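Protein chains in written order, with this note's numbering: chain R, 42 to 413; chain X, 181 to 278. We put the beta carbon where it would ideally sit given N, CA and C, even for glycine. All values reported here derive from a predicted model rather than from experimental measurement.
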Amino acid sequence: MRPDIIVIGGGTVGAAIAYGLTGLKQSVLLLDGSDRDYRAAQANFGLVWLQGKGMGLPAYQALTRASVDLWRDFATEVESLCGADLAYENKGGIVFCMGEDGFENRRAQLQRLHNQWDGGEPDWEMIDRTALERLLPKARLGQSVSGASFGRLDGHANPLRLLMALHEGIVRQGGVVRSNAMVHRIERAGTDFRLLLDGEELVAPRIVIAAGLGSVALAAQVGLDVPLRPQRGQVLVTERFEPFLPLPASGLRQTGEGTVMIGATQEETGFDLSTTSDAAARLSRKTVEIMPDLAGAKLVRQWAGLRVMTPDSYPIYAQSQTHPGAFVALCHSGVTLAATHARELACAIRDGELPDFLTPFHQRRFDVPKAA
Amino acid sequence: MFRKLHDPGPSAVTILIDGKAVSAEAGENLAAVLLRQPEGWNRTSTVSQSPRAPYCMMGVCFECLAEVDGVGSVQTCLTTVRDGMRVSRQLGRRMLSA
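See below:
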């Protein structure tokens with residue numbers, strides 16, 4: 042088999058791109074790693090989220106907005122193709138504010154973001170405690186909750202079902218998914234690329250590196266220096282409850298199954314997937330301040346994942362100048378951005394050129410010398 | 181199906197299961213008391229709503245959950261009865277405030 046495009050990395054980013062490419066009638070081979078890889082996609086919180094994102098980079102506000110706008114169509118297409126239920130809801134999302142200071146700080150932060158990018162009407166509004174109680178009639182709020190910011194375009198989905206459905210969709214659209222396929226080296230072979238795996242070589246004219254934290258070594262072989270670091274996020278999950286939280290909140294959402302997901306920490310602890318009782322205590326304390334009744338909830342699971350983090354936290358989309366035909370796609374918001382990855386990014390990779398709106402995300406932004 | 185083999189005599193205590201007074205022995209395991217009730221189940225599944233009874237009796241399978249003195253999803257196989265204890269069988273997913 043000689044595919045048109047090999048996508049290296051079967052997480053939510055790689056799978057969304059490969060899914061989009063198979064939908065564009067490209068011959069695609071998706072190489073997924075081993076079960077022991079870090080796999081941020083399997084630790085995801087599941088928000089499809091816009092409010093509050095993009096400080097310092099208006100292009101990221103625009104990119105996120107575009108993906109959120111595409112998400113409903115994208116979800117419907119994936120669901121009908123694969124017979125899956127992604128549990129996608131986009132009735133809005135909230136960020137709780139604690140105390141009057143918390144409320145005013147949140148307003149100021151969102152206002153700065155709004156002023157930074159001319160994206161039309163704000164996607165958010167500040168709502169006071171009374172209005173928040175009307176939105177969440179079955180959830181008793183803690184005393185210090187002063188209100189919330191409400192993002193009308195925010196939502197959530199089941200990230201594991203999304204990942205499974207994308208893999209399924211790739212195959213149904215004629216692509217090939219291989220697991221346990223670790224790429225050791227990338228070499229040039231004329232205008233093609235030759236990938237060296239365990240005892241095997243694969244050749245394709247175009248490759249996409251979307252291997253999360255494993256991308257650093259691979260991208261270097263096609264002339265792209267991508268600075269990445271792992272950032273640990275720990276998540277708690279409770280037993281299943283009758284529905285009481287009709288909207289997802291940043292760091293607190295009730296899933297379709299009834300469990301409550303509580304997250305997430307941001308820890309600079311390197312390549313360490315341990316969970317800690319300290320994090321469980323901090324997350325629990327914060328959550329009980331917001332909803333005291335959750336003190337009686339039983340935790341059934343705690344896990345840690347490693348975010349694929351760049352120095353400015355924003356994605357990297359780039360095509361190599363020295364190795365045309367080699368692309369990298371890296372980010373830590375793979376669920377929110379999945380719709381854009383499957384549509385616009387897949388089209389651009391098929392066409393062999395990234396569009397202007399992705400130029401701000403080239404890794405060369407990190408090449409600026411640190412001192413003058 | 182299960183029955184108590186001896187009469188606890190003076191060490192008998194009374195607990196309430198769904199409001200019904202049930203005799204038990206001081207120091208007895210709550211799941212064991214639930215198992216010998218004619219109903220034979222202590223909760224229904226949060227997924228399929230099928231009835232569930234204590235199974236592993238050692239704290240790992242979580243089949244024996246019930247509400248005990250107002251606290252939901254208590255592992256009854258790790259709980260010792262106490263005179264006057266109020267136990268409620270749990271139906272499906274709990275309400276958050278329960």
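Cross-chain neighbours of residue i in chain X, by beta carbon under 8 Å
i: D26 (chain R); result: Because chain R in this structure spans residues 42 to 413, residue 26 (chain R) falls outside the shown range and cannot be described.
Extent of the continuous beta strand (DSSP E) run through residue i
i: K200 (chain X); result: 200-205
i: S277 (chain X); result: Careful: S277 (chain X) lies outside any beta strand (DSSP E) and carries neither H nor E.
i: F191 (chain R); result: 186-192
i: E241 (chain R); result: 241-245
i: G252 (chain X); result: 251-255
i: A251 (chain R); result: Where A251 (chain R) is concerned, there is no enclosing beta strand (DSSP E), given that its DSSP letter is neither H nor E.
i: E385 (chain R); result: No beta strand (DSSP E) contains E385 (chain R), which DSSP labels as neither H nor E.
i: R235 (chain R); result: 233-238
Chain R residues whose Cβ lies nearer than 7 Å to that of residue i
i: R262 (chain X); result: Ordered by position in chain R, no residue passes the 7 Å Cβ test against R262 (chain X), which lies about 19 Å from the chain.
i: T226 (chain X); result: R281, G299
i: R273 (chain X); result: R281, F282, E283, G299
Cβ neighbour criterion (16 or more within 10 Å) applied to residue i
i: E309 (chain R); result: exposed
i: P268 (chain R); result: exposed
i: Q41 (chain R); result: One cannot answer for residue 41 (chain R) here, as it falls past the ends of chain R, which runs 42 to 413.
i: E280 (chain R); result: buried
i: P234 (chain X); result: buried
i: M181 (chain X); result: exposed
i: T351 (chain R); result: buried
i: G189 (chain X); result: exposed
i: Q404 (chain R); result: buried
i: K66 (chain R); result: exposed
i: T328 (chain R); result: buried
i: M332 (chain R); result: buried
i: N209 (chain X); result: buried
i: C244 (chain X); result: buried
i: A236 (chain X); result: The sequence shown places Cys at residue 236 (chain X), rather than the Ala named in the question. The residue is exposed, with fewer than 16 neighbouring Cβ atoms inside 10 Å.
First and last residue of the uninterrupted alpha helix (DSSP H) at residue i
i: E118 (chain R); result: 99-123
i: E209 (chain R); result: 200-213
i: S256 (chain R); result: 256-261
i: T226 (chain X); result: Unbroken run through T226 (chain X): none, as it is neither H nor E.
i: E247 (chain X); result: Not the alpha helix (DSSP H): E247 (chain X) falls in the beta strand (DSSP E), residues 245-248.
i: G64 (chain R); result: 53-64
Under 9 Å by beta carbon: chain R residues contacting residue i
i: G207 (chain X); result: By Cβ distance, chain R contributes nothing, its closest Cβ being about 25 Å from G207 (chain X), past 9 Å.
Closer than 8 Å at the beta carbon, the chain R residues around residue i
i: S230 (chain X); result: Those do not exist, as S230 (chain X) stays about 15 Å from chain R at its closest Cβ, beyond 8 Å.
heavy atom of the ligand FAD below 8 Å from residue i C-beta
i: A367 (chain R); result: The ligand FAD is not part of the structure shown, which contains no ligands of any sort.
request  = With 8 Å as the C-beta to C-beta threshold (strictly closer), list the residues of the segment 270-287 of chain R near chain X in chain order.
outcome  = Within the segment 270-287 of chain R, the qualifying residues are E280, R281, F282, E283, F285.
task = Output the residue ranges of the beta strand (DSSP E) runs that lie fully inside the segment 276-359 of chain R and measure 3 residues or longer, sorted by chain position.
result = DSSP runs (the beta strand (DSSP E)) wholly in the segment 276-359 of chain R: 293-295, 301-303, 340-350.
query = In chain order, what residues of the segment 320-345 of chain R put their CB closer than 9 Å to some CB of chain X?
reply = Answer in chain order: M332, D334, L335, G337, A338, K339, V341.
query = What are the residues of the segment 289-308 of chain R that lie near chain X, defined by any Cβ-Cβ distance shorter than 7 Å?
reply = Look at the segment 289-308 of chain R: the residues with a C-beta under 7 Å from a C-beta of chain X are G299.
query = Mind listing which residues of the segment 241-256 of chain X have their C-beta closer than 7 Å to chain R's C-betas, in chain order?
reply = The segment 241-256 of chain X vs chain R, Cβ under 7 Å: V251, G252, S253.
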